[in-house]
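Listed in order, the protein sequences are those of chains D and F. Take the first sequence: its letter number 95 is residue 95 in the working numbering, and every next letter is one higher. Take the second sequence: its letter number 217 is residue 217 in the working numbering, and every next letter is one higher. For each residue, glycine too, the CB sits at the ideal point set by N, CA and C. Here is the structure we will look at.
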Amino acid sequence: MYEFDWSSIPRSLPFLWQGLTVSFAITAVALVVGILWGTALALMRLSSVKPLSWFAAGYVNLFRSVPLVMVLLWFFLIVPQFLQNLFGLGRAADTRLISAMVGFALFEAAYYSEIIRAGIQSVSKGQLAAAAALGMTYGQSMRLVVLPQAFRNMVPLLLTQAIILFQDTSLVYVSALADFFGAAYKVGDRDGRIVELLLFAGAVYFVLCYGASYAVRRLQQRMTP
Amino acid sequence: MISIRNVSKYYGDFRVLDDCTTDVRQGEVIVVCGPSGSGKSTLIKCVNGLEPFQRGEIVVDGVSVGDSKTKLPTLRARLGMVFQNFELFPHMTVTANLTIAQTKVLGRSADAARAKALTLLERVDLTAHADKFPGELSGGQQQRVAIARALCMDPICMLFDEPTSALDPEMINEVLDVMVGLAREGMTMMVVTHEMGFARNVAHRVVFMDQGRIVEDAATEAFFGTPRSERAQQFLSKILHH
C-alpha cells in the first residue's frame, strides 16, 4: 500500500509560495489588461463604425473558438522569438512570464468584452439619451453615465471570470513556467512525491477559489437587497 | 426660436413624421398632443437631434439641427429636455446629477455648479433631498429633479416629452406646478402632453398630431373652442370626458 509522506511540502514552502505569486501576477495582469482591452473591444463591437465592429467581432470569435492552451503555446513559441528579434534581446532572455501574461490578457479580453457588452446593453437607452440631451459627447456619456452603471451590474460576473482565470493560469505548465501548479509538480517530481504535491496543490486551489466565490456570492447578495 | 419646416422621418418604408411644419417663438409655450403613435414624441426628439430625420429642416436659434456640420452636443447643451421616465443617473446623488453636465459640458467650477444646483433644488422644493440618490425619491420628486437638472444648464428653451405620463396621479400636480411656474416666467417651452388642463392654462398654442401629421396648429382658445379637424374633435371628446 502507498505510504504518504508529506515532509517535502514544508521544506518547499518558499518555492511553492514563489509559484503562487507567479500565478497571482499572471491573474492580476490578465485581469486588468483584459478588462481594459475588453472594454475597448465591447465599445468597438457596439460602434456604428462597421470596420471597428467587424474587427471586434472577429477578434472575440477567434479567441473564443480556440483552446486557451493553444493560445498560450503560440505566445510561448512564436511571440518570444519575435520579441527577441524586435528588441535585440539575447536568446537567453526569459520571456516566458511576459508571454504568458500577454497570452492570457489577450485571451481573457475576448471573454471580458462579451460580459462588458452585455453590461453596457443592460443600461437603458434612455440614459444615453439623457446624457446626450445635457450636451455630453458620446465619449462623455459612456464614461460618466453608462459604463459606471454597466460595471456596477457586472462586478459579480467579472469576479467569477477572474476566479476561472486564476484556475486557468495553471495551464502555463506547457511553457515550463513555475507558477503554483508548476512549482508543486516540480517539487513532487524531484522528491518522488507527486501524489502528495498534487493533492496539496488541489487543496490550495480549492480553498482559494471556493473562498473567493463565496465572497462574490456575499457581495452579490449585498448589492441586490 | 424653433422653426420646423416640412420635416419627414421614416423607419424603413414606414413614415413616422409626414411633412411637419410649425414654429415656437421666443417666450411661447406650445403643447403638442395627439393619440399614441401619432409621432409627437418623435417630433420633439428631432428638435434636439436625438432622433434623426430624413427630409425637411429644423432650425433652433439660427442653428440647423440636420446639418452634418452642426455640433449637436453644443446645441443640446442649450436646450433643456425632460423625459417621460425621468432618466436621472441612478449612480449619482441628486446634487451630482445637477452638477455633472455643468462642470463637464459647460466647464463651470465645482463651486459654481453646486451653488446653481442648490438654487434650482430650492426652486423645485427639494433642498432636503440634495444628498439622496434618485432611487430614494418618489416619481414626482424625481421628475422635479430632472427639471432642475435641465434648468441648471440655463437653457434657451425647454422640451418636455410626456413629463407626467409615468407618474401616479397624485404626483402629477407637483410636476405641473413647476412647469406652470416656468411658463409664467416666460420660458420658451415645447411640451408633449395629454394634460389638457395644463394646455388650457398656460399654452399659447396647441399642435395636434395624428399619424405623423400635424393636423391642427391653433391658438389655445381656438383649439379648445372649435377644433376644425374631425380627428382633433374626436380626440378631445375622448380625453376630456375623464
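Looking at the DSSP output, F/ILE30 bridges to F/MET190, F/ARG205. By the criterion of a C-beta distance shorter than 8 Å, D/GLN81 is surrounded by no residue of its chain, once the five residues flanking it on both sides are discounted. When secondary structure is reduced to three states using DSSP, F/CYS20 falls in the strand class.
The C-beta distance from F/THR220 to F/ALA199 rounds to 6 Å, short enough to meet the 8 Å contact threshold. Taking 7 Å as the cut-off between beta carbons, the residues of the segment 112-134 of chain D near chain F are GLY126, GLN127, ALA129, ALA130, ALA132, ALA133, LEU134, in sequence order. Boundaries of the beta strand (DSSP E) around F/ALA219: 213-219.
In the displayed model, D/ILE98 falls within a helix according to three-state DSSP. Uninterrupted beta strand (DSSP E) stretches at least 3 residues long and entirely within the segment 114-175 of chain F occur at 157-161, given in chain order.
Across the set D/ILE98, D/ASP191, D/LEU128, the C-alpha of D/LEU128 shows the shortest separation from the C-alpha of D/ALA150. Ranked by Cα distance from F/THR95, the options F/ASN85, F/ALA203, F/VAL145, F/GLU51 are led by F/VAL145. Under the Cβ criterion of 7 Å, F/LYS71 is not counted among the residues facing chain D. With 16 or more other CB atoms across the displayed protein chains lying within 10 angstroms of its CB, F/ASN48 is buried. Classified as buried, D/TYR112 has 16 or more neighbouring CB atoms from the shown chains inside 10 Å of its CB.
Taking a beta-carbon distance threshold of 7 Å, F/ASN85 counts as an interface residue toward chain D. A Cβ-Cβ separation of about 6 Å places F/CYS20 in contact with F/ILE4 under the 8 Å criterion.
D/SER23 is classed as buried because its beta carbon has at least 16 other beta carbons within 10 Å across all chains shown. If you draw a 10 Å sphere on the C-beta of D/VAL69, you find fewer than 16 other C-beta atoms in it, and that means exposed. The alpha-carbon of D/VAL187 is positioned some 22 Å away from that of D/CYS209. ASN48, LEU50: these are the residues of the segment 22-54 of chain F whose beta carbon lies less than 7 Å from some beta carbon of chain D, given in chain order.
Residues of the segment 135-168 of chain D with a C-beta less than 8 Å from any C-beta of chain F: GLY135, MET136, THR137, GLN140, LEU144, VAL145, PRO148, GLN149, ARG152, listed in chain order. Interface flag for F/PHE89 against chain D is set, since a Cβ pair is found closer than 7 Å. Residue pairing by DSSP places F/MET81 opposite F/LEU159 in a beta bridge. The C-beta of F/ARG76 comes closer than 7 Å to at least one C-beta of chain D.
Annotation for F/PRO155: ARG78, LEU79, GLY80 place their beta carbon closer than 7 Å to its own, counting only its chain and skipping 5 residues before and after. Between the segment 28-42 of chain F and the segment 204-214 of chain F, the count of C-beta pairs closer than 8 Å reaches three or more; the two stretches touch. Secondary structure note for D/VAL145: it is in no alpha helix (DSSP H), with a DSSP letter that is neither H nor E. For F/VAL63, no CB of chain D lies under 7 Å from its own CB, so it is not counted at the interface with that chain. Shown here, D/TYR2 sits in coil according to DSSP, grouped into three states, outside any helix or strand. Where F/SER41 is concerned, the enclosing alpha helix (DSSP H) starts and stops at 40-47. In this structure D/MET101 is buried. Its beta-carbon is surrounded by 16 or more other beta-carbon atoms within 10 angstroms.
Annotated three-state conformation of F/ILE2 is strand, per DSSP. D/ALA30 sits buried, since 16 or more C-beta atoms from the chains shown fall within 10 Å of its C-beta. Within its own chain, the residues whose Cβ lies closer than 8 Å to the Cβ of D/ALA132, once the five positions on either side in sequence are excluded, are TYR138, SER141, listed in chain order. With distances taken between CA atoms, F/SER165 lies nearest to F/VAL82 out of F/LEU137, F/VAL82, F/PHE223, F/LEU240. Assigned with DSSP and collapsed to three states, F/LYS69 falls in coil, not helix or strand. Ranking F/ASP67, F/THR127, F/ALA110, F/PRO163 by CA distance to the CA of F/GLN54 puts F/ASP67 first.
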